[in-house]
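A.B. asks:
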Amino acid sequence: MSKDFVTIDLVKGNMQKTAANVEHLAVPCAYQDRAGVINSVVQIYSSSTLDGRAIV
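Each residue of the sequence shown is one higher than the one before, starting from 101 at the first, in this note's numbering.
1. Is VAL142 closer than 8 Å to ARG127 when the C-beta atoms are compared?
2. Specify the secondary structure class of ASP133 as computed by DSSP and reduced to three states.
3. Does GLN116 come out as helix, strand or coil in the three-state DSSP assignment?
4. Taking DSSP as the reference, what is the three-state secondary structure of SER146?
Shown next as structure tokens:
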């Protein structure tokens with residue numbers, strides 16, 4: 101990230117926030133591999149619990 105970046109907080113005063121048990125993931129991958137990576141991540145995380153869910 102360059103030294104002259106700007107951070108914009110769009111939800112600073114918003115009372116609605118994600119639940120404490122929600123996990124946000126950012127997975128770096130090549131554009132060509134994106135579909136396969138998303139498939140793998142959803143399979144791994146949805147099978148870890150009985151009620152595993154994912155929003156992509």
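No residue lacks a Cβ here, since even glycine has one placed at the ideal position from N, Cα and C.
C.D. replies: According to the structure shown:
1. Start at 1 with the first residue of the sequence shown, and residue 127 comes out as number 27. Start at 1 with the first residue of the sequence shown, and residue 142 comes out as number 42. A quick correction: the sequence has Val, not Arg, at residue 127. No, the pair does not count as a contact, with Cβ atoms beyond the cut-off.
2. Residue numbering aside, residue 133 sits at position 33 when the sequence shown is read from its first letter. Assignment of ASP133 by DSSP, reduced to helix, strand and coil, places it in the helix class.
3. As a first step, residue 116 must be located in the sequence shown, where it is residue number 16. Coil, per DSSP.
4. Position 46 of the sequence shown, counted from the first residue, corresponds to residue 146. Three-state result, SER146: helix.
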